[in-house]
Structure formats: C-alpha cells, structure tokens
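In terms of my numbering, the sequence shown has 205 at position 168, counting the first letter as 1, and numbering is strictly consecutive. Think of the CB as a built atom: it goes at the ideal place given N, C-alpha and C, for glycine as much as any other residue. Remember, it's a predicted structure, so these values are computed and weren't measured experimentally. Down below is the structure, laid out as structure tokens.
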Amino acid sequence: MLAATVLGVEDVPTLLRGGARHLRHMRWAEPGRLLEMVGPDSEIAVTVYNLTSLAAHAAKADCRAAVIHEERAESKIARFREFLDHLATEAQQTTRRAYLEDTYLYSADGEYANLAKHRGSAALHRLEGDLPDDAAVPAFDGFEHLAGVPYSAVALFVGNGSESSMHQDKGEQNFITQVHGCKHVVTAPPEAASVLGTHFARDNDAALDTSTLSEWGGLPGDGDCAAQDGLTLCGGGVLVPGARLHRLCAGDALYLPNSTWHALYGDAVEAGGPPSITVTFFLPAQPGSPA
C-alpha cells in the first residue's frame, strides 16, 4: 500500500492524503475506462438540477435554505455517453447540472440492494468487480482496526461542478474516496445541529443555507484541513463550532466519524477528460462511537 499522510486523529474528520491510491476503483480515472465498463449506450438514472430555479435563488432573510436540493431537481433516464457528454457543456455550469449521485453500487440492506437497478441504472453494477473483496472496508492507514469490517453500502457520485448541502448520514461512519477531480468538503460535529438546525422537510439536512461554498466564511486560504475554531454562515453572523474545511483530490480519502455533518462542493474538471468521480463507503457506527 502506498503511504498516506494522515492529517487529524480518530473521532474527528481525518484527511488521508493519497490514502485511497491502492484501491482498485481508482482505475476509473483512466480516460475512457468508465465508458468502457458501463457501456456507452447503457441507460442510467441521473439527477438534473435546475440552476435557474427561482426557489433556489430566493431571498433568504433569515439565512435558511429555501429548499432542500431534491426540490429543484428531477430524475432523468439518459444513455451513459450522453450523460458524460453533457458534463462538458456550458449548460452543465449555467442552467442544467446533471449529476449521477448517491447511486448504490452495493447495499447490505435488502430494501436498497438493487437501488441502482430500480432507478434504471443496472449497468452501473458492472463496476462492482472493482470494489473491495468480501464487501468489507479496505485498509486505510491509521484505521487498520476498521479493515475487514463489513460495509453497509457503497455509493457512486459522477459529475462536474456538483454541490451537496450540509447533511448527516445518521448512525453511519464514512470513508469518502476521490477517484478523479477535486472537492472541498466542509464538516462539522453532530452537536453542530444546535446551530445548523434541521430542515423541516428532512431531518438529516441542515436548516441554514449551505448550498454553495461561498455561503461559508472563515475558510483557510490553503484549502486543506486545518485546526480551526469553526467556520461561519449567514454573512459571518453565525459561528458553526468545530466546522472545518478539507480539500479532497484524486487518490485522497476522508474519514468521517459517526453522524458527521458534511457538505461537498466539486470543482469543474477539464473538458474532454474524465468527470469528477467520488466513491463513498458507509459502515455502521462502532460500539462506543459518539452519537
């Protein structure tokens, strides 16, 4: 395994620089690899966000999110090559942002085991052969005690310039691995719910507006995870204690403890190259983990 630089300690979000390079699914960053494996004419279900939605840009005098991100999106069936081609268009950044998001390649829960197939994305299961053996967490430097623990799900995200607002995966730990492209990830401890609030429509989404990275204040200039007293929202008027910024790029991994709040903001990738690709491993909280 290639050595990783560990920034952080257990029980806090921990950036593993280069910590995912040894994983088989890193080969999906090779030009044309995803297209070949999934098949150019295979149909997949993608989420399309309306970037011109009036609701999404409504004035928020109280700094609260006007909508959760699903409310300005619709699901579409597209051929895989057409989806990848759209990611390189101007419309992807200005009007209609397509995103293959939160699509389970694997789930131990029978209700979700074939979620990709139910959404019309059966061809994505061709990627399962590159996931770790025995449906178990792979070895990450500094987290060897979790190696071999059965994971509960593996989710795939493919896009270009995607944004995911602050939310929790309650009762779960995560290893986020970046295959291609870069993302900023803002994290906060579970107790930050007292400041972030919970959205009336879904209790694992934050009530405050975190729809773009620009909503956050106090970001460190280098973009790396750093010891901070917290970041701010609402034009600097609200301090989110324990909030931190992490810069995740190809080959990196980010460990998130149980129920960590997190938001992800993807960079645009170079036209003509592979899209931004993220693979997240979910595993149940271990005994003794903070709630």
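Problem - Closest by C-alpha distance to Val338, when choosing among Gly76, Leu301, Ser189 and Gly254 - result: Residue 338 lies beyond the range of the chain shown here (38 to 328); nothing can be said about it.
Practice task
Check whether the Cβ atoms of Met203 and Thr140 lie closer than 7 Å to each other.
Solution key: Using a Cβ distance threshold of 7 Å, Met203 and Thr140 do not count as a contacting pair.
Exercise for the section: Taking 7 Å as the cut-off, decide whether the C-beta atoms of Thr297 and Thr235 are in contact. Expected result: Thr297 places its beta carbon 7 Å or farther from that of Thr235.
Exercise for the section: May I ask you to verify whether the stretch 266 to 285 touches the stretch 173 to 183, counting CB pairs closer than 8 Å and requiring at least 3? Expected result: Output reads no: the stretch 173 to 183 does not touch the stretch 266 to 285.
Handout entry: Range of the contiguous beta strand (DSSP E) that encloses Asp304
Key = Note, Asp304: premise wrong, no beta strand (DSSP E); not H, not E.
Practice task
Could you pull out every residue in the same chain whose Cβ sits closer than 7 Å to the Cβ of Gly279, ignoring the five residues on either side in sequence?
Solution key: Ala225, Pro226, Ala229 and Gly267
Practice task
Consult DSSP for Ala57 and reduce its assignment to one of helix, strand or coil.
Solution key: coil
Problem - Spatial neighbours of Ala110 in its chain, beta-carbon cut-off 6 Å, leaving aside the 5 residues before and after - result: Thr84 and Tyr86
Practice task
Note the first and the last residue of the continuous beta strand (DSSP E) segment covering Gln215.
Solution key: Where Gln215 is concerned, the enclosing beta strand (DSSP E) starts and stops at Glu209 to His217.
Problem - Phe120 - DSSP class collapsed to helix/strand/coil - result: Judged by DSSP in its simplified three-state form, Phe120 adopts helix.
Handout entry: Beta-bridge pairing of Cys286 - partner residues as DSSP gives them
Key = Cys219
Practice task
Assuming Ser199 and Ser313 form a contact by the criterion Cβ under 8 Å, report the distance between their Cβ atoms to the nearest whole angstrom.
Solution key: 7 Å
Problem - Backbone CA spacing between Phe194 and Leu161 [nearest angstrom] - result: 11 Å
Practice task
Quick one: measure Cβ to Cβ for Lys220 and Tyr143, integer angstroms, because I've assumed they're closer than 8 Å.
Solution key: No, Lys220 and Tyr143 are not in contact; Cβ-Cβ is about 22 Å, not under 8 Å.
Handout entry: For Thr235: DSSP bridge partner residues
Key = Ala243
Handout entry: Rounded straight-line distance, which links the Cα of Ala184 to that of Arg54
Key = 18 Å
Handout entry: Selected residue, minimal CA-CA separation from Ala125, among Gly310, Pro321 and Pro187
Key = Answer by Cα proximity: Gly310.
Handout entry: Counted within 10 angstroms of its Cβ, other Cβ atoms place Ile114 as buried (16 or more) or exposed
Key = Under this definition Ile114 is an exposed residue.
Practice task
Would you mind working out which of Asp146, Asp170, Arg133 and Pro321 sits nearest Ser112, comparing C-alpha positions?
Solution key: Arg133
Problem - Cβ-based neighbour list, Glu138, same chain, cut-off 6 Å, excluding 5 preceding and 5 following - result: Thr84 and Phe194
Practice task
May I have the straight-line CA-CA distance separating Thr315 from Leu168, to the nearest angstrom?
Solution key: 13 Å
Exercise for the section: Assign Val75 to one of three DSSP states: helix, strand, or coil. Expected result: helix
Practice task
Please state if the CB of Phe319 and the CB of Asn211 are separated by a distance shorter than 7 Å.
Solution key: yes
Problem - Complete beta strand (DSSP E) runs within the stretch 128 to 177 (minimum length 3 residues, chain order) - result: The stretch 128 to 177 contains these whole beta strand (DSSP E) runs: 133 to 144.
Exercise for the section: Would you kindly check if the distance between the Cβ of Ala287 and the Cβ of His217 is under 7 Å? Expected result: yes
Exercise for the section: State the DSSP-derived secondary structure class of Trp298, mapped to helix, strand or coil. Expected result: strand
Practice task
Identify, in the order they occur along the chain, each residue of the same chain with its Cβ nearer than 6 Å to the Cβ of Glu165, setting aside the five sequence neighbours on each side.
Solution key: Leu142
Practice task
Express the C-alpha separation of Asn197 and Phe117 in angstroms, rounding to a whole number.
Solution key: 15 Å
Practice task
Under 7 Å Cβ to Cβ from Met74, same chain only, skipping five residues before and after it: list those, please.
Solution key: Around Met74: Arg163 and Leu164.
Practice task
Kindly list the residues whose CB is nearer than 7 Å to the CB of Thr131, restricted to its own chain and excluding five residues on each side of it in sequence; keep chain order.
Solution key: Leu88
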